[in-house]
Amino acid sequence: MGDKQIRIERERKYKYFVELYNQGVSKSMIAEKLNLTTSAICGKTYLKRLEADGGKYVPKGNFPTENTTKIDNALMMDLVHQIEDKYEQMTHAPESDPQLQELRRVVNGK
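Numbering-wise, the sequence shown is residues 34 to 143 according to the working numbering.
1) By the 10 Å Cβ neighbour count, where 16 or more other Cβ atoms means buried, how is Ile63 classified, buried or exposed?
2) For a minimum of 3 consecutive residues, which ranges assigned as the beta strand (DSSP E) are wholly contained in the segment 98–131?
3) Using only alpha-carbon positions, find the residue among Lys89, Lys46, Gly87 that is nearest to Ile74.
4) Got a sec, what are the start and stop residues for the alpha helix (DSSP H) Leu67 sits in?
5) Rounded to the nearest angstrom, what separates Leu83 and Glu52 at their Cα positions?
6) Sorted by chain position, which residues of the same chain lie with C-beta nearer than 6 Å to Ala126's C-beta, five sequence neighbours on each side aside?
7) Taking its Cβ as the centre, do 16 or more other Cβ atoms sit within 10 Å of Leu108, making it buried, or is it exposed?
8) Could you please give the first and the last residue of the uninterrupted alpha helix (DSSP H) stretch that includes Val91?
9) In whole angstroms, what is the alpha-carbon distance linking Val58 and Lys37?
10) For Ile104 and Val113, what's the separation of their Cα atoms in angstroms?
Following this line, the structure appears as structure tokens:
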């Protein structure tokens, strides 16, 4: 197995660990299901990482994750078009324009 496959397998085990741990399964039972020792479960790779992540699964490394962008694309594009209609180009819009300020809030996810 290559390094990438090993990392993916470790991440898969960690994700399964988090699911079991959050269901209240005992550490010894989790260790048995993952074919690991209890001390490995209590170490930095599993339990310590979970505590650092605030008790939830947080992907580690360059693994595909769900899209967490909170930008409302329809609203963003609507504001862009309104500003372009008003000023012909986005670069001509003054900083004090309320639509430009709203666009910045939408893009920054606030």
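Just so it is clear, CB atoms sit at the ideal spot from N, CA and C, and this is done for glycine as well.
According to the structure data:
1) Buried is the call here.
2) Counting whole runs of 3 or more residues, the segment 98–131 contains no beta strand (DSSP E) stretch at all.
3) The residue from Lys89, Lys46, Gly87 with its alpha-carbon nearest to that of Ile74 is Lys46.
4) Counting along the chain, the unbroken alpha helix (DSSP H) around Leu67 starts and ends at 60–67.
5) Each residue's Cα considered, the two are about 11 Å apart.
6) Excluding residues within five positions, the ones whose Cβ falls inside 6 Å are Ile116, Tyr120, Leu133.
7) Exposure of Leu108 is indicated by the presence of fewer than 16 other C-beta atoms within 10 angstroms of its C-beta.
8) In the DSSP annotation of this structure, Val91 is not part of any alpha helix (DSSP H), being labelled neither H nor E.
9) Rounded to whole angstroms, Val58 to Lys37 spans 29 Å at the Cα level.
10) Computed Cα separation, rounded: 13 Å.
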